[in-house]
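Here full-length UniProt numbering is used: position 250 in the sequence shown is 250, and no number is missing along the way.
All C-beta atoms in this analysis are idealised placements derived from N, C-alpha and C, irrespective of residue type, glycine included.
Predicted model only: the values in this text are computed from it and were never measured.
In what follows, a structure is listed as structure tokens, so that the remarks can point back to it.
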Amino acid sequence: MKKYLTTIIVIIVSIVILSVLLLSDYRFSILVKVIFIISTSLLIGYLFNKKAHTEDSVETSKNILNSIINSTDDLIFYKDKDLNYLGCNEAYLKYIDKKKEEIIGRSDFELFDEKIALQYRETDQSMLEKNEISSHEKWVPFINNQEHYLLIKKIPFHYNETSIGVLGITRDITERYLSQKKMQLQSYEDELTKLKNRKSYNGKILELFSLKKRYKTSFSMIMYDIDNFKSINDTYGHKVGDDVLIEMSKLIASHLRENDYIFRIGGEEFIILLSEAHLDDAKKVAQKICTSVEKDLKNITGNKITISIGVSEANENDSEDTIFKRVDSLLYKSKNSGKNRISY
């Protein structure tokens, strides 16, 4: 392995820098990219000059390699063809809570529990056998049984067309992953009331129609609107109006089953989808929430708050558009008939 050392160093440095440039989630400035590229070029030229195979040059090359790989927060390691560790950077040592002398010459089975080590071994062997770059994202348990979401990239390196080891570059993307998941959830959630929003409703109504068609299941829709909501905003201010929306959402949600769904689809308009519910079931739910709103939300403004409701069961010929229009029409029938009532 000694005679390959300079070549290994050149390969590792080149791959590390290329990976940082091409795969980074951060936006490097043009200046930083230029500095990386120039540094790489100078390094490779230096390593292959006429003194490249002297002991001093090899030691200098190792120092340069360590400086480069320790300058990144990414976790970097490299193994020989038997998948024993040749080295790693400080970030990797810190991440696995080991000292360098504890990992050099050892395999994953000597460093991690069997389940984790087996996962690493399988991906390493597969990558070497296929002779291709491996890249994937996954949850990985580390020290103290804490799980981190990692972007793991493994690259085979060669000498004279012979595989002589594995280079691994791992990035902890837990925060980014959780942030993306949170954003995805928020895209289906109403920011004020924390109910599902119109986008979520569009997906759920299609799902219920699919179940109805396939399994002949029933479901009903309730649409309700807060009576005189503009007057509440104008009289008490938007902060009180927001409080009414929030408290009403909590109150009505408390009257629903786990397999029912409530959505805010507009300013003061809401839809409830009742799965496995016929019209009579939906009417009972509508009456319960209508009474509860009038009785329990008075204290927010000091005056009576009411809602108007439209109710209908989905029939065999319905689509998501037809049932929506029908229930919307029933809602406005309630409003035009004096409000604080149910139409079906």
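Between Asp190 and the rest of its own chain, which residues show a CB-CB distance below 6 Å, the 5 nearest in sequence each way excluded?
Within the sequence shown, numbered from 1, the residue matching residue 190 stands at position 190. Answer for Asp190: Asn197 and Arg264, listed in chain order.
Return helix, strand or coil for Tyr120, following the three-state DSSP convention.
The count along the sequence shown starts at 1 and reaches residue 120 at position 120. In this structure, Tyr120 counts as helix in the three-state DSSP scheme.
Which full runs of the alpha helix (DSSP H) of 4+ residues lie inside the UniProt domain "PAS" (61–131), going along the chain?
90–96, 100–103 and 114–130, all fully within the UniProt domain "PAS" (61–131).
Counting along the chain, where does the beta strand (DSSP E) carrying Lys153 start and finish?
The residue you call residue 153 lines up with position 153 of the sequence shown. Where Lys153 is concerned, the enclosing beta strand (DSSP E) stretches over Glu147 to Tyr159.
Does the Cβ of Met221 have 16 or more other Cβ atoms within 10 Å, making it buried, or fewer, making it exposed?
Stepping through the sequence shown from its first residue, residue 221 is reached at position 221. By the 10 Å Cβ count, Met221 comes out buried.
Within the continuous alpha helix (DSSP H) that includes Ser334, where are the two ends?
Within the sequence shown, numbered from 1, the residue matching residue 334 stands at position 334. Per DSSP, Ser334 belongs to the alpha helix (DSSP H) from Glu320 to Asn336.
Within 10 Å of its beta-carbon, does Leu75 have 16 or more other beta-carbons around it, so buried, or fewer, so exposed?
One-based indexing of the sequence shown puts residue 75 at position 75. The residue in question, Leu75, is buried, as its Cβ has 16 or more Cβ neighbours within 10 Å.
Enumerate, from N- to C-terminal direction, the unbroken beta strand (DSSP E) stretches of 3 or more residues contained entirely within the UniProt domain "GGDEF" (217–344).
Whole beta strand (DSSP E) segments, 3+ residues: 219–226, 260–264, 269–275 and 307–313.
Using 8 Å as the threshold, is the segment 334–341 in touch with the segment 299–309, meaning 3 or more CB pairs across them?
With a cut-off of 8 Å, the segment 299–309 and the segment 334–341 count as touching, because enough Cβ pairs lie within range.
Measuring alpha carbon to alpha carbon, tell me which residue in Ser334, Gly105 and Val327 is nearest Cys290.
Taking the sequence shown and counting its residues from 1, the one referred to as residue 290 is at position 290. Comparing Cα-Cα distances from Cys290 to each of Ser334, Gly105 and Val327, the minimum goes to Ser334.
From the DSSP output, read off the bridge partner residues of Glu189.
Locating residue 189 in the sequence shown gives position 189, counting from the first residue. DSSP lists Lys196 as partners of Glu189.
By how many angstroms is the C-alpha of Asn233 removed from the C-alpha of Ser134?
As a working mapping, residue 134 is identified with position 134 in the sequence shown. As a working mapping, residue 233 is identified with position 233 in the sequence shown. Computed Cα separation, rounded: 58 Å.
Work out the CA separation of Glu114 and Tyr188 for me, nearest whole Å.
Stepping through the sequence shown from its first residue, residue 188 is reached at position 188. Stepping through the sequence shown from its first residue, residue 114 is reached at position 114. When rounded, the distance between both Cα atoms is 40 Å.
Would you tell me roughly how many angstroms separate the C-alpha atoms of Tyr224 and Met248, rounded to the nearest one?
As a first step, residue 224 is located in the sequence shown; it is residue number 224 there, counting from the start. As a first step, residue 248 is located in the sequence shown; it is residue number 248 there, counting from the start. Looking at the two C-alpha atoms, the distance is approximately 11 Å.
Closest to Val285 by C-alpha separation, out of Ala253, Lys81, Arg214 and Thr217, would be which residue?
The sequence position of residue 285 within the sequence shown is 285, counting from 1. Checking every option, the nearest Cα to that of Val285 belongs to Ala253.
Would a C-beta distance cut-off of 9 Å place Ile103 and Cys88 closer than the cut-off?
Counted from its first residue, the sequence shown places residue 103 at position 103. Counted from its first residue, the sequence shown places residue 88 at position 88. Cβ atoms of Ile103 and Cys88: closer than 9 Å.
Nearest to Tyr95 by alpha carbon, out of Lys79, Asp172, Tyr85 and His255?
Translated into positions along the sequence shown, residue 95 becomes position 95. It is Asp172.
Which residues in the same chain as Ser163 place their Cβ atom closer than 8 Å to its Cβ, once the five residues preceding and following it in sequence are excluded?
On the sequence shown, residue 163 is found 163 positions in, with the first residue counted as 1. Lys81, Leu128, Asn131, Pro156 and Phe157, listed in sequence order.
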